[in-house]
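For the sequence shown, the working numbering begins at 5 and goes up steadily by one.
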Amino acid sequence: MALTTLDPQTALVVIDLQAGVVGAPTQPYSGPEVVARTVGLADAFRAAGLPVVLVRVTFADDGADAVPGRTEQRRPGGAARPEDWDVVVDELAGHPGDLHVVKRNWGAFHGTDLDVQLRRRGVTQIVLTGIATSIGVESTARAAHEHGYHVTLATDAMSDLDAVSHAHSIERIFPRLGETGTSAEILELLAKTHDGSRRRPTVG
C-alpha cells in the first residue's frame with residue numbers, strides 16, 4: 005500500500021544497524037547506503053520531536069541465548085564475535101534522547117520492552133528501516149501489525165542478503181502489513197504533517 009499518512013505520534017524504529025551487520029554484503033543497497041538514508045530520517049524525526057528507537061541484536065559468545073531450534077547454530081567452540089559487532093554504527097549513535105532496545109530474536113518485540121516504550125509515549129505508528137529486510141525488519145513489521153500499530157516501511161532504507169528476498173518482502177509481504185514509501189517520500193510527508201515544534205512527552 006502506498007504511503008498516505010503519518011500519525012501525530014509516529015516513531016522511527018531502526019533494526020540492527022550495528023557494526024557486525026552493516027559491514028556484511030547486502031542487496032540491493034549497501035550497508036552504508038541504508039545507514040545514510042536512515043540517518044536522514046532519524047535527523048528529521050528528532051527535529052520533529054518524534055521518538056527514534058535504535059534496536060540492536062546480540063547473543064552470548066557461545067550462542068546459549070540464541071533463538072532455539074535446529075536452524076540456529078551456536079558458534080563453534082565458543083568462538084567470540086568481534087568486540088564491536090553489536091555496537092550501533094557511529095552515524096546513528098550519540099543522541100541522548102534516542103531509545104535503545106536490545107533483542108535476542110529476529111524481531112524487536114518478543115522479549116524486549118519495545119511495546120511498553122512505544123505505548124507510554126503514545127506512539128500509534130512506526131516507520132521501519134534496517135537490515136535485513138526479510139529477517140529483522142519483516143519480523144518486527146509483522147509483530148507491530150499484530151500489536152495494533154500502523155506500520156510504514158522505508159523501502160530504500162533497508163536491504164537484505166540477496167535482492168530476491170528483499171523484493172519478496174517489499175512486493176508481497178509489506179503491502180499486507182502497512183504502507184511503503186521511499187525515505188524521500190517519508191521525509192516529504194513528515195515535513196507536511198509535523199512542523200518541528202513538537203516536543204517529546206516526558207516519561208517519569
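Glycine included, every Cβ here is placed at the ideal spot set by N, Cα and C.
In this text, all values refer to a predicted model and were calculated from it rather than measured experimentally.
Span of the alpha helix (DSSP H), counted from its first residue to its last, around residue i
i    : result
Q129 : That residue, Q129, is in no alpha helix (DSSP H); its beta strand (DSSP E) goes 129-135.
Q184 : The sequence as given places Thr at residue 184; Gln does not occur at that position. No alpha helix (DSSP H) holds T184; the beta strand (DSSP E) holding it covers 183-185.
H170 : 167-172
P29  : Unbroken run through P29: none, as it is neither H nor E.
F49  : 35-51
D119 : 118-123
R146 : 142-150
Proximity of residue i and residue j at Cβ, strictly below 7 Å
i    : j    : result
L45  : S187 : yes
L194 : A68  : no
D88  : A167 : no
Q1   : G126 : The first residue shown for the chain is 5 and the last is 208, placing residue 1 beyond what the model contains.
T144 : A112 : yes
E189 : L7   : yes
A52  : H198 : yes
V26  : V91  : no
T30  : A161 : no
L118 : V105 : yes
For residue i: DSSP bridge partner residues
i   : result
I19 : V59, G134
T14 : Q129
A6  : T184
V93 : Paired residue(s): none; V93 is not in a bridge.
Start-to-end residues for the beta strand (DSSP E) that takes in residue i
i    : result
L157 : 154-163
V106 : 103-107
For residue j and residue i, believed in contact at Cβ under 8 Å, the rounded distance
i    : j    : result
T156 : Q129 : 7 Å
N109 : V71  : 6 Å
V38  : I174 : So it is not a contact: roughly 14 Å between Cβ atoms.
S138 : H114 : The pair is not a contact, with the Cβ atoms about 17 Å apart (cut-off 8 Å).
contact_flag[the stretch 175-185, the stretch 142-155] where n(CB pairs < 8 Å) is 3 or more = Flag = yes, the stretch 175-185 and the stretch 142-155 touch.
ask   = Within the chosen definition, does the stretch 57-65 reach the stretch 8-18 through at least 3 CB pairs nearer than 8 Å?
value = Taking 8 Å as the limit for Cβ pairs, the verdict is that the stretch 8-18 does touch the stretch 57-65.
ask   = Using 8 Å as the threshold, is the stretch 125-142 in touch with the stretch 90-101, meaning 3 or more CB pairs across them?
value = No contact exists between the stretch 125-142 and the stretch 90-101.
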